[in-house]
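The listed protein sequences derive, respectively, from chains L and B.
Residue 1 is where the first sequence starts when you use the numbering used here, and the numbers rise one by one after that.
Residue 1001 is where the second sequence starts when you use the numbering used here, and the numbers rise one by one after that.
Every residue, glycine too, gets a C-beta built ideally from N, C-alpha and C.
Input: a single structure, listed below in structure tokens.
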Amino acid sequence: MHIKIARFDAHRSPAHATVDVGIPEGLTLLQALLHIKATADPTLTFKAGCRSGICGICGVRVNGREELACAYKPNEGDLVEPLQYHRVMRDLAVEKKSIEETLGNAAAWLHHSRQTTISVEEEKRTEVQSDCMLCALCYSACPVFAVNENFLGPFALTRVYRYTADPREEDIKSAIDAIQSNGVWDCTLCGACTAVCPQGIDPKMDITQLRSTSAQFGYGDPNFMTMNFGF
Amino acid sequence: MVDVLIIGDGGAGLSAALAAKASGASVLVVGKNYPTNSQTSMAQGGINAALGNVDSDSIESHIQDTIASAKGLCDEVMVTKMCTQAPHAISWLESLGVPFSRREDASVAQRRLGGASHKRACYSQDYTGLKILHTLYDTCLKEGIEFLNERYLLNLITKPQENPKLDPLIKGATLLEIASGEVKQIDAKSVIIATGGYASLYHGFTTNAFGSTGDGICAVIRAGGYLSDIEFVQFHPTALKHSSILISESARGEGGYLLNSKGERFVDELLPRDSVARAIYAEIGRGEEVFLDIRHLGEEKLMELLPQEMHLCRLHEGVDPLHELIPIKPVAHYTMGGIDVKRSLEVRGIKGCFAVGECSNAKVHGANRLGGNSLLEIVAFGKLAGENASAYALACEEVAANDTQFKSDQNFINGIFYFTNQINFYEKREFIGKIFYHNAGIVRSDTKLKAVLAAIRQIQKELPFMGLGDKSKQNNTNLVDFIEFGNALELSEILLVGAISRNESRGAHFREDFPVQSDEQFGAHTIYWKEDGVLCADFERRYL
Ligand SMILES: Cc1cc2nc3c(=O)[nH]c(=O)nc-3n(C[C@H](O)[C@H](O)[C@H](O)COP(=O)(O)OP(=O)(O)OC[C@H]3O[C@@H](n4cnc5c(N)ncnc54)[C@H](O)[C@@H]3O)c2cc1C
Ligand code: SF4
Ligand code: SF4
Ligand code: FES
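Set out below in structure tokens:
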């Protein structure tokens, strides 16, 4: 079987090249990449960790769709590329410092923890959101980044939602305050993030929820506000 | 100069970082990838704490279970400390926002794992490690803890004390900045090593993530510190046959059977991990295939309890556990041995340097770790390491190291590019994994171990001919793989020397030529160190 890999090396000329490589049948894409590196081309650069879809390190795009390399079985002719909206370091390896930065900007943590009981239902409410592994597939799929690189993006907002929906959070207002600019109102609710999440998380829904909480705190959609102003 | 430098950003490193910061120290955390990529994310089953939410558990019985599983090789003081701290560790995690699964009365849910007399493991479905790790990470960001990512620990920097009888002082570490390919020196008053275990020596036969190559452990012995009990490696009975991906113990705990090719059950599935692993290994040795059968548990139960596993079986083994048998084999899972630490978690032999988590040997797991005790250790002792390192750093004066180690590591990295590339080290890595699994794994013997040792020594000689195929300076993962390979090679020799010296069977270390436990001769920890580059080993039972 043959797949195509988009390669990049800033120190090579030309820096970009798409190469066609033969791989054995039946492997996951990650196994195929490891096979190429170990037997044919040690310069092929990508990241590998748990092999089991949980450490979030191996995200790539295949034919324009975000996938975990360890959870994807290649098909003939697939084109494998690095994630979008990340700085490509080399080949399929991207820099992920942006994860820390967006989470920091979104203040995606428990702001003020209080002692309280948590029922089965309350825990279930954010069970799926707290399965997020920060693989950044949703980030790469989100069209907003093409126009606004400062957008907080799907995983950061899902994480904010997770904490605001937790009975332990005493200070929901601080959480909501932090996601007003470049945050909940910048999302187009297109659902691209939801479609690619390997953990079945629905950031679009979480963002919708955060919008209504924002409204409770007196915030509104700035786009509509300017429109109203014009009338 | 930073007060506390933490190397390794898994659950142990992050717990240590939060505690060190809370005790007033400045903290820097470095890791070879990103924190949430660490292996802690993979832990599914749970974290032990005798909360007694489900049955009448007690700290005393947690201590007893842990001691029993350690097979005589533990420090009861440390076991007591860990088990007593466990309920506090859970309330701490709860206060940070870890979403533990709940019971109807709103208490934390608990399940029974192998070797436990009670339902003691707190869990979050089968994503316990993931949720703990990510919550710790979020809290670190909240606390403004500084991270340097994609920095690979090469060596520790130490400085001899005026009195040569005293341990040298820790001064910092050298790291390879993977993106630029430059070696960097980081000065620190205190260092915590939290780099994880070394089960990846069994390449291809381990549940562990790539990169569990014992880097921090090797750095310690190179810097004059001590290691201990390296020969103790736990094998998990049920990993997928082709990919070695873990199928959690809860599959058996919930009533799954083990079957051979004839469809017969051949072992009590609920025996301790080492016994079940040996029974399966023996069955496979007889030419049988071994399967896990969970079909009778039914779809509803399986999807509720083991959703991750169902998916992994379908993807990696191409079987549907609802209707088909799951082919399995036992593989390396957890490494009990590691950096020898005192009760304060300070590394024996290096002052001001601490070690915690799977890379350390705090003498709580002994010859066999109990499921759920490792997540407990990384949180409870992670905090302890952070507090102790912080106290040390705040009392110590700021004197930077010279650049001797830095220069030497720069030369080392540059030198690797001149190694010839006649032998493919990836092939050797695979080869070592295989011979280790079959000869230094679940069943060992003097002859087998010595044959492997000879092979390892040969490969060590060939290392200069295993140079890089990738000559780039920047973002060279071929180089990273090679250094990991070098570390694994160094540690594999130590493991073999220990396994050869320990002429008995105890817990996970099983010698077919010495099948019984011998307390008079071997009721002690194996200690390793280097003198003028030569590996030394001894047995010792002394808790510092
Ligand atoms: C599949 C699986 C399931 C498990 N399930 C359970 C369970 O249910 N309960 C339980 O108690 N335990 C379980 N364990 C064991 C437990 O997960 C680990 O022992 C524990 O998470 C180790 O944590 P750590 O912080 O010490 O190391 P790790 O999480 O391995 O982190 C080590 C960190 O150090 C970094 N590092 C390593 N080398 C270097 C270097 N040279 N330079 C810089 N950084 C470096 C790595 O990148 C990594 O981030 C399981 C293990 C596995 C593999
Ligand atoms: S929300 Fe889903 S796709 Fe996005 S980072 Fe988390 S796990 Fe990955
Ligand atoms: S729904 Fe919103 S966050 Fe998700 S991809 Fe679309 S714009 Fe981005
Ligand atoms: S290797 Fe960990 S998610 Fe793919």
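Output the boundary residues of the beta strand (DSSP E) element that contains B/Gly-1172. Within the second sequence, numbered from 1, the residue matching residue 1172 of chain B stands at position 172. Boundaries of the beta strand (DSSP E) around B/Gly-1172: 1169 to 1177.
May I ask you to check if the CB of B/Ala-1332 is nearer than 7 Å to at least one heavy atom of ligand 2? In the second sequence, residue 1332 of chain B corresponds to position 332, counting from 1. Checking every heavy atom of ligand 2 against the Cβ of B/Ala-1332, none is found closer than 7 Å.
Comparing the C-beta of L/Arg-51 with each C-beta of chain B, is any distance below 8 Å? Here residue 51 of chain L corresponds to residue number 51 of the first sequence, with the count starting at 1. Output row for L/Arg-51: interface = yes.
The beta strand (DSSP E) spanning B/Pro-1087 covers which residue range? If you number the second sequence from 1, residue 1087 of chain B lands on position 87. Residue range 1076 to 1096 is occupied by the alpha helix (DSSP H) that includes B/Pro-1087, with no beta strand (DSSP E) assigned at that position.
So is the beta-carbon of L/Lys-204 under 7 Å away from any non-hydrogen atom of ligand 3? Taking the first residue of the first sequence as 1, we reach residue 204 of chain L at position 204. In this structure, L/Lys-204 has its CB closer than 7 Å to one or more heavy atoms of ligand 3.
For the stretch 1448 to 1475 of chain B, which residues have a beta carbon sitting closer than 9 Å to at least one beta carbon of chain L? Taking 9 Å as the Cβ-Cβ cut-off against chain L, the residues of the stretch 1448 to 1475 of chain B that qualify are Leu-1468, Gly-1469, Asp-1470, Lys-1471, Ser-1472, Lys-1473, Gln-1474, Asn-1475.
Checking 8 Å against the spacing of the C-beta atoms, do L/Gln-129 and L/Tyr-85 come in under that value? The sequence position of residue 129 of chain L within the first sequence is 129, counting from 1. The sequence position of residue 85 of chain L within the first sequence is 85, counting from 1. Between L/Gln-129 and L/Tyr-85, the CB-CB gap reaches or exceeds 8 Å.
Below 8 Å, can you find three or more Cβ-Cβ pairs linking the stretch 1223 to 1232 of chain B to the stretch 1522 to 1535 of chain B? As far as the Cβ criterion goes, the stretch 1223 to 1232 of chain B touches the stretch 1522 to 1535 of chain B, which means the pair count is three or higher.
Partners in chain L for B/Pro-1087, counting only beta-carbon separations shorter than 9 Å: Position 87 of the second sequence, counted from the first residue, corresponds to residue 1087 of chain B. Within chain L, no residue comes near B/Pro-1087; the closest Cβ sits about 15 Å away, beyond 9 Å.
Going straight from the alpha carbon of B/Phe-1482 to that of B/Gln-1460, what length do you get? As a first step, residue 1482 of chain B must be located in the second sequence, where it is residue number 482. As a first step, residue 1460 of chain B must be located in the second sequence, where it is residue number 460. Roughly 13 Å separates the two Cα atoms.
Answer yes or no: the CB of L/Cys-197 versus the heavy atoms of ligand 4, is any distance below 7 Å? In the first sequence, the residue the question calls residue 197 of chain L occupies position 197. Placement of the Cβ of L/Cys-197 at a distance of 7 Å or more from every heavy atom of ligand 4 is found.
Proximity to B/Glu-1094 [Cα-Cα], best of B/Thr-1084, B/Tyr-1123, B/Asp-1075, B/Gly-1072: Position 94 of the second sequence, counted from the first residue, corresponds to residue 1094 of chain B. Selected option, being the one with the closest Cα: B/Tyr-1123.
Below 6 Å CB to CB, which residues in the same chain sit around B/Thr-1080 once its five sequence neighbours on both sides are set aside? In the second sequence, residue 1080 of chain B corresponds to position 80, counting from 1. A distance below 6 Å between beta-carbons, with the five flanking residues on each side excluded, links B/Thr-1080 to the following residues of its chain, in chain order: Ile-1063.
What separation, rounded to the nearest whole angstrom, lies between the Cα atoms of B/Gln-1024 and B/Ser-1390? If you number the second sequence from 1, residue 1024 of chain B lands on position 24. If you number the second sequence from 1, residue 1390 of chain B lands on position 390. The displayed chain sequence assigns Gly, not Gln, to residue 1024 of chain B. B/Gly-1024 and B/Ser-1390 have their alpha carbons spaced roughly 7 Å apart.
In whole angstroms, give me the CA-to-CA distance for B/Asn-1439 and L/Leu-30. Walking along the second sequence from the start, residue 1439 of chain B turns up at place 439. Walking along the first sequence from the start, residue 30 of chain L turns up at place 30. The alpha-carbon atoms of B/Asn-1439 and L/Leu-30 are separated by roughly 29 Å.
Check the Cβ of L/Leu-110 against every Cβ in chain B and list those closer than 7 Å, keeping chain order. Here the question's residue 110 of chain L lines up with position 110 in the first sequence. Correct list: Leu-1096, Gly-1097.
Within 10 angstroms of the Cβ of B/Tyr-1543, are there 16 or more other Cβ atoms? Answer buried if so, exposed if not. On the second sequence, residue 1543 of chain B is found 543 positions in, with the first residue counted as 1. By the 10 Å Cβ count, B/Tyr-1543 comes out exposed.
In its own chain, which residues sit with a C-beta less than 7 Å from the C-beta of L/Phe-231, not counting the 5 before and 5 after it? Sequence index remark: in the first sequence, residue 231 of chain L carries index 231 (1-based). For L/Phe-231, the predicted structure reports a pLDDT of 46, less than 50, and the residue's modelled location is therefore unreliable. The matter cannot be settled from this model.
Touching by the beta-carbon criterion (3+ pairs, under 8 Å), the stretch 1252 to 1268 of chain B and the stretch 1412 to 1425 of chain B: The stretch 1252 to 1268 of chain B is not in contact with the stretch 1412 to 1425 of chain B.
Against B/Ala-1121, what residues of chain L qualify as contacts under a CB-to-CB distance less than 7 Å, listed in chain order? As a first step, residue 1121 of chain B must be located in the second sequence, where it is residue number 121. For a Cβ distance threshold of 7 Å, nothing in chain L lies close to B/Ala-1121: the least Cβ distance comes to about 16 Å.
Does the distance from the CB of B/Ala-1508 to the CB of B/Met-1336 come in under 8 Å? The residue labelled residue 1508 of chain B in the question sits at position 508 within the second sequence. The residue labelled residue 1336 of chain B in the question sits at position 336 within the second sequence. Taking C-beta atoms as the reference points, B/Ala-1508 and B/Met-1336 count as a pair closer than 8 Å.
How about B/Ser-1505 and B/Arg-1511: are their beta carbons less than 8 Å apart? The residue labelled residue 1505 of chain B in the question sits at position 505 within the second sequence. The residue labelled residue 1511 of chain B in the question sits at position 511 within the second sequence. Yes. Within cutoff.
Is the stretch 201 to 214 of chain L close to the stretch 153 to 171 of chain L, with three or more CB pairs under 8 Å? They touch, by the three-pair rule.
So which residues on chain L does B/Phe-1147 lean against when the C-beta distance must stay under 7 Å? Here the question's residue 1147 of chain B lines up with position 147 in the second sequence. Those are Glu-100, listed as they occur along chain L.
If we cut at 8 Å on Cβ distances, does L/Ile-207 have a partner in chain B? The residue labelled residue 207 of chain L in the question sits at position 207 within the first sequence. For L/Ile-207, the answer is no, since every Cβ of chain B falls outside 8 Å of its Cβ.
Using Cβ-Cβ distances below 9 Å, what residues of the stretch 1243 to 1261 of chain B are close to chain L? Cβ contacts with chain L: Ser-1243, Ser-1244, Ile-1245, Leu-1246.
Under 6 Å Cβ to Cβ from B/Leu-1240, same chain only, skipping five residues before and after it: list those, please. On the second sequence, position 240 is the one that residue 1240 of chain B refers to. Once the five neighbours on either side are set aside, the close Cβ partners of B/Leu-1240 are His-1316, Glu-1317.
Could you pull the start and end residues of the beta strand (DSSP E) that L/Glu-237 belongs to? Because chain L spans 1 through 231 in this model, residue 237 of chain L falls outside it and cannot be assessed.
For the alpha helix (DSSP H) holding L/Phe-99, just list the boundary residues, first then last. The count along the first sequence starts at 1 and reaches residue 99 of chain L at position 99. Note on identity: in this sequence residue 99 of chain L is Ile, with Phe being the wrong assignment. Start and end: 97 to 106.
Determine whether the Cβ of B/Ile-1007 lies closer than 8 Å to any Cβ atom of chain L. Working through the second sequence from its first residue, we reach residue 1007 of chain B at position 7. No, B/Ile-1007 lies away from the interface with chain L (no Cβ there is under 8 Å from its Cβ).
Contact the stretch 1037 to 1055 of chain B vs the stretch 1067 to 1078 of chain B: 3+ CB pairs below 8 Å: Short answer: they don't touch.
Would the beta-carbon of L/Arg-51 be found less than 7 Å away from any heavy atom of ligand 4? Residue mapping note: residue 51 of chain L aligns to position 51 of the first sequence, counting from 1. Yes, the Cβ of L/Arg-51 comes within 7 Å of a heavy atom of ligand 4.
What residues from chain L crowd round B/Ala-1106, counting only those whose CB sits closer than 8 Å? By one-based count along the second sequence, residue 1106 of chain B stands at place 106. Near B/Ala-1106 (Cβ distances below 8 Å), the residues of chain L are Thr-117, Ile-118, Ser-119, Val-120.
Within the 8 Å Cβ cut-off, does B/Phe-1210 reach chain L? Counting from 1 along the second sequence, the entry for residue 1210 of chain B is found at position 210. Residue-level contact check: B/Phe-1210 touches chain L, since one or more beta carbons of chain L fall below 8 Å from its beta carbon.
Where B/Gly-1372 and B/Gly-1287 are concerned, what is the direct C-alpha to C-alpha distance, given to the nearest angstrom? Taking the first residue of the second sequence as 1, we reach residue 1372 of chain B at position 372. Taking the first residue of the second sequence as 1, we reach residue 1287 of chain B at position 287. Rounded to the nearest angstrom, the two C-alpha atoms are 33 Å apart.
Output yes or no for whether 8 Å exceeds the beta carbon distance between L/Phe-46 and L/Leu-92. To locate residue 46 of chain L, count along the first sequence from 1; it is residue 46. To locate residue 92 of chain L, count along the first sequence from 1; it is residue 92. The answer is yes: Cβ separation under 8 Å.
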